[in-house]
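**Q** The listed protein sequences derive, respectively, from chains A and B.
In terms of our numbering, the first sequence opens at residue 1 and continues consecutively.
In terms of our numbering, the second sequence opens at residue 1 and continues consecutively.
Heads up, the beta-carbon is just placed ideally off N, CA and C, and yes, glycines get one too.
Right, I'll just put the structure down here and ask away after.
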Amino acid sequence: MNKILLLTLQLAFFITVAPLLSGLITKIKNNIRMREGQSVFQPYYNLVKLFSKSEVISGTASWIFRSAPFVVFSSTLTAALLIPVFIFTSPAHTMGDLLAMVFIFALGRFFLALAALDTGSSFGGMGSSREMFISSLVEPALCMVIFAVSLQFGSTDISTFSGAHAISVSSIVAALALFLVSIAETSRIPVDNQETHLELTMVHEAMVLEYSGRPLALIEMASYIKQMVFFFLIAQIVFPICLPSYENLAQAFSWASWYCVRIILISIAAALVEVAVAKMRLLRVADFLEFAFVLGVIACVCAIVGV
Amino acid sequence: MLDLLPKHIFLSDPLSLFFLFVIFIVSLPSAIYSFGYLKGEYPLKKIILSWFLLAIFILSMAAVVTAGNVLVFLVAWEMMSLASYFLVVFDTTHERSIKAGTIYVVMTQIGAAFLIAAFMIMYSYARSFDLFALKNACLAMPAQTKNIIFVSLLIGFGTKAGIVPLHIWLPYAHPQAPSHISSIMSGVMIKTAIYGIIRFVMFILGVSAAWWGVLVLILAVISCLVGVIYALMEHDIKKLLAYHSVENIGIILLGVGLAMFFTSQGLPYLAVFSLMAGLYHLVNHAIFKGLLFLCAGSVYKATGTRDIEKLGGLIKTMPYTAAYFLLGAMAISALPPLNGFVSEWLTLQAFFLGALNVIGGTKLFLGFCAVMLALTSGLAAACFVKAFGITFLAGPRSHYAKEAKEVSLSMKAGMFFLSLLTIVFGLAATMIIRYLTRAAGSAMDIDISHMQFSLNNITLNPQAGKSIYLSPPLLALVLLVLGITGLVIFCAWRRKRSVRHNTWDCGYYRLDARNEYTATAFSKPFRIAFSFFLLPYRKTQKIRESFYHVRSFTYETHTIQVFKKYLYDPVLVLVFRSAKSMRRLQPGSIHLYLMYIFITIILLIVFMRWF
Numbered sequence: 001m002n003k004i005l006l007l008t009l010q011l012a013f014f015i016t017v018a019p020l021l022s023g024l025i026t027k028i029k030n031n032i033r034m035r036e037g038q039s040v041f042q043p044y045y046n047l048v049k050l051f052s053k054s055e056v057i058s059g060t061a062s063w064i065f066r067s068a069p070f071v072v073f074s075s076t077l078t079a080a081l082l083i084p085v086f087i088f089t090s091p092a093h094t095m096g097d098l099l100a101m102v103f104i105f106a107l108g109r110f111f112l113a114l115a116a117l118d119t120g121s122s123f124g125g126m127g128s129s130r131e132m133f134i135s136s137l138v139e140p141a142l143c144m145v146i147f148a149v150s151l152q153f154g155s156t157d158i159s160t161f162s163g164a165h166a167i168s169v170s171s172i173v174a175a176l177a178l179f180l181v182s183i184a185e186t187s188r189i190p191v192d193n194q195e196t197h198l199e200l201t202m203v204h205e206a207m208v209l210e211y212s213g214r215p216l217a218l219i220e221m222a223s224y225i226k227q228m229v230f231f232f233l234i235a236q237i238v239f240p241i242c243l244p245s246y247e248n249l250a251q252a253f254s255w256a257s258w259y260c261v262r263i264i265l266i267s268i269a270a271a272l273v274e275v276a277v278a279k280m281r282l283l284r285v286a287d288f289l290e291f292a293f294v295l296g297v298i299a300c301v302c303a304i305v306g307v
Numbered sequence: 001m002l003d004l005l006p007k008h009i010f011l012s013d014p015l016s017l018f019f020l021f022v023i024f025i026v027s028l029p030s031a032i033y034s035f036g037y038l039k040g041e042y043p044l045k046k047i048i049l050s051w052f053l054l055a056i057f058i059l060s061m062a063a064v065v066t067a068g069n070v071l072v073f074l075v076a077w078e079m080m081s082l083a084s085y086f087l088v089v090f091d092t093t094h095e096r097s098i099k100a101g102t103i104y105v106v107m108t109q110i111g112a113a114f115l116i117a118a119f120m121i122m123y124s125y126a127r128s129f130d131l132f133a134l135k136n137a138c139l140a141m142p143a144q145t146k147n148i149i150f151v152s153l154l155i156g157f158g159t160k161a162g163i164v165p166l167h168i169w170l171p172y173a174h175p176q177a178p179s180h181i182s183s184i185m186s187g188v189m190i191k192t193a194i195y196g197i198i199r200f201v202m203f204i205l206g207v208s209a210a211w212w213g214v215l216v217l218i219l220a221v222i223s224c225l226v227g228v229i230y231a232l233m234e235h236d237i238k239k240l241l242a243y244h245s246v247e248n249i250g251i252i253l254l255g256v257g258l259a260m261f262f263t264s265q266g267l268p269y270l271a272v273f274s275l276m277a278g279l280y281h282l283v284n285h286a287i288f289k290g291l292l293f294l295c296a297g298s299v300y301k302a303t304g305t306r307d308i309e310k311l312g313g314l315i316k317t318m319p320y321t322a323a324y325f326l327l328g329a330m331a332i333s334a335l336p337p338l339n340g341f342v343s344e345w346l347t348l349q350a351f352f353l354g355a356l357n358v359i360g361g362t363k364l365f366l367g368f369c370a371v372m373l374a375l376t377s378g379l380a381a382a383c384f385v386k387a388f389g390i391t392f393l394a395g396p397r398s399h400y401a402k403e404a405k406e407v408s409l410s411m412k413a414g415m416f417f418l419s420l421l422t423i424v425f426g427l428a429a430t431m432i433i434r435y436l437t438r439a440a441g442s443a444m445d446i447d448i449s450h451m452q453f454s455l456n457n458i459t460l461n462p463q464a465g466k467s468i469y470l471s472p473p474l475l476a477l478v479l480l481v482l483g484i485t486g487l488v489i490f491c492a493w494r495r496k497r498s499v500r501h502n503t504w505d506c507g508y509y510r511l512d513a514r515n516e517y518t519a520t521a522f523s524k525p526f527r528i529a530f531s532f533f534l535l536p537y538r539k540t541q542k543i544r545e546s547f548y549h550v551r552s553f554t555y556e557t558h559t560i561q562v563f564k565k566y567l568y569d570p571v572l573v574l575v576f577r578s579a580k581s582m583r584r585l586q587p588g589s590i591h592l593y594l595m596y597i598f599i600t601i602i603l604l605i606v607f608m609r610w611f
């Protein structure tokens with residue numbers, strides 16, 4: 001019972017905080033650009049607005065288009081459950097490990113890419129093709145990172161490295177590689193741009209172009225959560241601070257606040273990258289991800305050498 | 001003296017039983033499917049003939065995996081090849097079938113020649129064709145001989161399995177056969193070669209050098225990547241699936257090669273685990289590839305074309321086939337909680353756990369193999385988004401697709417059975433692993449009684465002590481619960497009206513099927529990214545009315561088949577050239593032939609006198 005309570009709490013935490021994180025990054029970005037910018041709560045307003053709008057469905061769309069938002073939403077939340085947030089071991093950790101998480105994200109992406117093709121719009125096809133291209137190149141880089149982490153901590157279970165003690169070169173390099181991967185996965189500059197609807201550049205936005213109203217809200221929600229999951233992973237790899245074992249809820253919350261500080265640091269880094277770097281051509285993304293891959297290899301070598 | 005009445009004609013150890021199970025689990029639904037599929041396609045006489053050939057085909061495969069004697073094995077092996085050859089050329093009206101059949105039969109006989117060579121060498125040591133006698137003889141064999149036998153077995157079985165660069169027949173033969181046969185060939189027949197590798201290399205010969213495993217791993221990685229990259233470029237749906245067989249054989253061989261490597265490193269525990277992962281992927285591939293070929297057959301039957309560019313929108317006219325194909329596509333793309341996911345996860349874990357137990361640079365090598373597997377699975381997902389999306393989604397792009405009708409009951413039943421299995425083999429992973437561990441242990445002659453993988457009902461834990469968990473049923477449950485939660489949130493307040501409207505067309509005109517993304521367009525980024533290997537080229541042709549006005553414009557893009565052009569074509573040219581020069585010896589003059597006979601007799605007399 002305790003476990004289910006904790007899991008529900010974790011879900012609620014991810015759902016309520018994830019949009020804030022996205023709003024925060026946008027705010028930081030705007031402030032760096034010397035703009036006032038929108039409120040940090042803007043993503044919430046957007047979600048509420050989308051929820052209260054009626055939905056337009058394309059005449060050519062089938063049940064794939066209708067079901068994809070739910071698959072995306074549930075797969076992202078499932079991945080979020082695997083992350084230890086309040087306690088040392090996520091209560092759901094027997095469900096899967098870090099590798100399983102990669103496959104779970106792939107499930108949502110698969111359906112979203114299909115839904116994009118479903119409406120028969122060439123924008124959707126474009127987005128779908130590009131997304132699958134990028135994600136298939138993300139996969140090796142991500143796998144290399146996980147390999148490095150597994151070499152260092154002796155397991156791919158997420159709780160083993162949230163429980164490790166020392167900060168090592170290997171984990172910092174691995175976290176850096178994971179950061180690059182997360183940029184690609186959360187469709188940020190230089191891989192994708194969340195802010196434009198320009199057919200030459202859009203990837204994620206092209207896939208969800210035909211969505212409106214509540215389904216769009218679900219998809220947006222899922223991408224906020226996905227971003228947060230990646231940031232949590234980075235935070236845990238680079239600052240492996242012991243989380244308390246569960247039972248003590250009060251202590252759990254104090255650790256959660258420590259977490260927040262780390263997450264905010266990562267968000268600032270993400271915002272800085274978005275402001276400082278220009279969007280890359282699609283085919284240059286391969287080079288970008290190769291760089292992440294090479295960082296992963298370096299992390300592996302460091303782990304083998306033992307630094 | 002020839003051992004003509006052998007002790008073990010047939011074997012029934014866990015490995016053989018496992019392969020028998022795989023054969024029947026795919027053959028049964030394919031046979032049911034063929035009732036509906038063949039009806040109306042061929043005259044009754046031909047249908048009866050196809051049933052006869054199918055029966056021989058299935059029985060010979062069963063004999064291959066249970067043979068306890070090399071002679072029985074070879075006879076069954078050749079029967080299997082011939083039966084499948086006749087099934088490949090079943091559509092004798094098509095020029096392409098004959099060509100595909102010829103390539104197939106030539107390649108398969110080259111493979112068989114290598115097998116026979118390997119068995120002959122083994123026989124010269126054992127003086128018996130019995131498998132266990134061979135096994136005993138192999139213990140005392142010099143390392144050099146073992147290496148030679150290993151390489152010939154690898155080439156022989158590799159030809160049948162379709163390891164790159166011996167895969168050349170696969171994309172011709174598999175698509176050309178009737179679909180239920182393709183499903184058996186791709187799902188099961190190529191697996192008999194994996195059985196051969198496990199039985200003859202691992203069980204009988206015994207892995208004696210580390211490079212064996214490394215070689216198999218490298219070939220496996222190449223097969224994975226080459227298979228999936230070619231599949232991405234393909235728009236013939238059955239050819240696409242055939243290339244995916246090359247890829248998946250690669251994944252299976254990753255498990256097998258890893259098992260060989262760990263055996264040579266003295267890590268029997270990990271060897272059993274890796275082989276178990278390989279066998280798991282083997283049965284999974286049999287299930288989902290069988291399913292996908294049956295679905296492709298349904299599409300072909302309903303529309304009369306295999307070119308996915310001409311299809312589209314079939315999900316509305318063929319909802320069942322679409323749903324089954326989607327399940328197959330999800331399984332092959334390793335999406336949870338279906339079966340492909342579990343076995344790919346296990347294979348990746350085998351690499352990860354192995355890397356923890358070896359030293360130095362070997363860790364990196366294993367890491368690279370694992371990463372290539374990850375790349376493969378990413379590309380496979382992309383390919384199946386393409387295959388499913390372009391075939392079944394959006395609007396129909398030709399009248400073939402517009403007039404498609406859902407297929408008959410027996411075809412649906414066959415597909416339903418296999419698609420159910422993709423779910424069952426995902427959720428019941430724990431039980432299946434327990435059985436497969438036994439099969440893997442018996443295949444390598446390793447006592448597994450003290451190396452239980454600590455499994456309980458819902459979690460599978462690859463290494464005792466290290467807590468790595470995966471629980472497909474739990475995962476499925478959570479996915480379902482959260483999906484329903486999403487639905488509840490969705491419907492929480494008063495439902496808003498949802499409006500049906502045309503797809504956004506930028507305000508110009510009504511979009512039609514010509515504006516849809518095609519398979520060629522979808523795979524364009526991949527074509528450019530892998531252009532160093534695919535060597536794409538395009539043909540454009542403009543027909544002008546005047547300098548200013550182009551009346552029509554044709555555009556074609558093709559890729560060059562590297563292996564065909566730079567490996568097989570030169571060999572073929574050489575063969576034909578030498579055949580042409582040999583023809584000079586045979587000009588048709590009886591006098592010359594009499595002289596040949598005379599010279600031969602003299603040479604024979606000389607030979608008999610002096611030697």
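Could you check if histidine 93 of chain A is buried or exposed, using at least 16 other CB atoms within 10 Å of its CB as the buried criterion?
**A** When all chains shown are included, histidine 93 of chain A counts as buried.
**Q** With DSSP collapsed to three states, give me the class of isoleucine 458 of chain B.
**A** Bear in mind that the predicted position of isoleucine 458 of chain B carries a pLDDT of just 47, short of 50, making it unreliable; the figure below should be weighed with that in mind. The answer is coil: DSSP assigns isoleucine 458 of chain B none of H, G, I, E or B.
**Q** Where do the ends of the beta strand (DSSP E) carrying alanine 540 of chain B lie?
**A** A quick correction: the sequence has threonine, not alanine, at residue 540 of chain B. That run of the beta strand (DSSP E) goes 537-544.
**Q** Return the residue from the list B/Leu311, B/Gly250, B/Ala350, B/Phe365 that minimises the CA-CA distance to cysteine 300 of chain A.
**A** The shortest Cα separation from cysteine 300 of chain A among B/Leu311, B/Gly250, B/Ala350, B/Phe365 belongs to B/Phe365.
**Q** Output, in chain order, the set of chain B residues within a Cβ distance shorter than 7 Å of aspartate 118 of chain A.
**A** Per Cβ cutoff of 7 Å: Leu393, Ala394.
**Q** Report the partner residues of histidine 285 of chain B according to the DSSP bridge assignment.
**A** Bridge partners of histidine 285 of chain B: none, in fact.
**Q** Using the three-state DSSP reduction, which class does asparagine 357 of chain B fall into: helix, strand or coil?
**A** Residue state, collapsed to three classes: helix.
**Q** Could you list which residues in chain A have their beta carbon closer than 9 Å to that of isoleucine 315 of chain B, in chain order?
**A** Within chain A, the residues near isoleucine 315 of chain B are Ser62, Trp63, Ile64, Asp118.
**Q** Based on the DSSP secondary-structure assignment, which residues constitute the bridge partners of arginine 500 of chain B?
**A** According to DSSP, arginine 500 of chain B bridges with A/Ile57.
**Q** When you compare only the Cα positions, how much space is there between leucine 475 of chain B and lysine 564 of chain B?
**A** Going from the Cα of leucine 475 of chain B to the Cα of lysine 564 of chain B covers about 44 Å.
**Q** Rank B/Phe114, B/Val246, B/Ile98, B/Asp236 by C-alpha distance to the C-alpha of proline 616 of chain B and give the top, closest one.
**A** Since the first and last residues shown for chain B are 1 and 611, residue 616 of chain B lies out of range.
**Q** Report buried or exposed for methionine 372 of chain B, applying the criterion of at least 16 other Cβ atoms within 10 angstroms of its Cβ.
**A** Buried, since its Cβ has 16 or more Cβ neighbours within 10 Å.
**Q** Using only alpha-carbon positions, find the residue among A/Val208, A/Ser135, A/Ser62, A/Ile237 that is nearest to isoleucine 158 of chain A.
**A** Nearest option by C-alpha distance: A/Ile237.
**Q** Determine, using beta carbons only, whether cysteine 302 of chain A comes closer than 8 Å to chain B.
**A** False, the Cβ-Cβ gap to chain B never drops below 8 Å.
**Q** Which residues in the same chain as alanine 100 of chain B place their Cβ atom closer than 7 Å to its Cβ, once the five residues preceding and following it in sequence are excluded?
**A** Cβ within range, chain order: Val88, Tyr172, Ala173, Gln176.
**Q** Answer with yes or no whether the minimum CB distance from threonine 94 of chain A to chain B is below 8 Å.
**A** Yes - at least one Cβ of chain B is within 8 Å of the one on threonine 94 of chain A.
**Q** Going along the chain, which unbroken runs of the alpha helix (DSSP H) with 4 or more residues stay wholly within the region 38-119 of chain B?
**A** You should have 44-66, 70-88.
**Q** Would you check whether the ligand SAH has a heavy atom nearer than 7 Å to the C-beta of methionine 34 of chain A?
**A** This structure does not include the ligand SAH; it has no bound ligands of any sort.
**Q** Does chain A have any CB closer than 8 Å to the CB of leucine 291 of chain B?
**A** It does not; no Cβ of chain A falls within 8 Å.
**Q** Among the candidates A/Leu24, A/Val169, A/Ile87, whose CA atom is the shortest distance from the CA of glycine 37 of chain A?
**A** The candidate whose alpha carbon is nearest that of glycine 37 of chain A is A/Leu24.
**Q** Between isoleucine 155 of chain B and valine 72 of chain B, how many whole angstroms is the CB-CB distance? I'm expecting something under 8 Å.
**A** The Cβ separation is near 22 Å, so there is no contact.
**Q** Output the distance between the C-alpha atoms of serine 442 of chain B and glycine 206 of chain B, rounded to the nearest integer angstrom.
**A** About 13 Å.
**Q** Fully enclosed by the region 334-391 of chain B, which alpha helix (DSSP H) runs are 4 residues long or longer?
**A** Runs of the alpha helix (DSSP H) inside the region 334-391 of chain B: 339-357.
**Q** Measuring only the C-alpha atoms, how far is threonine 540 of chain B from tyrosine 555 of chain B?
**A** Their Cα atoms are separated by approximately 5 Å.
**Q** For tyrosine 211 of chain A, which three-state DSSP category applies?
**A** Coil.
**Q** By a C-beta neighbour count over all protein chains shown, 10 Å radius and 16 as the cutoff for buried, is tryptophan 63 of chain A buried or exposed?
**A** So tryptophan 63 of chain A ends up on the exposed side.
**Q** For glutamate 556 of chain B, which three-state DSSP category applies?
**A** Strand at glutamate 556 of chain B.
**Q** Using a C-beta cutoff of 8 Å, does asparagine 457 of chain B count as contacting chain A?
**A** Because the pLDDT of asparagine 457 of chain B is 45, which lies under 50, any placement of that residue in the model is unreliable, and the number read from its coordinates should be weighed accordingly. So no, asparagine 457 of chain B is outside the interface.
**Q** Checking the sheet assignment: what are the DSSP bridge partners for valine 221 of chain B?
**A** Note: valine 221 of chain B sits in no beta bridge, so no partner.
**Q** Using the Cβ count rule (16 or more neighbours within 10 Å means buried), how would you classify isoleucine 149 of chain B?
**A** Buried.
**Q** State the DSSP-derived secondary structure class of phenylalanine 10 of chain B, mapped to helix, strand or coil.
**A** Of the three classes helix, strand and coil, the one that applies to phenylalanine 10 of chain B here is strand, per DSSP.
**Q** State the CB to CB distance for the pair valine 208 of chain A and arginine 130 of chain A, rounded to an integer number of angstroms; the pair is presumed to be in contact (CB under 8 Å).
**A** The pair is not a contact, with the Cβ atoms about 13 Å apart (cut-off 8 Å).
**Q** Does the CB of aspartate 97 of chain A have a neighbour CB from chain B at under 8 Å?
**A** Closer than 8 Å: yes.
**Q** Say whether chain B places a C-beta atom closer than 8 Å to the C-beta of lysine 3 of chain A.
**A** Chain B contact via Cβ: absent.
**Q** Report the three-state DSSP secondary structure of aspartate 307 of chain B (helix, strand or coil).
**A** Reduced to three states, the DSSP call for aspartate 307 of chain B is strand.
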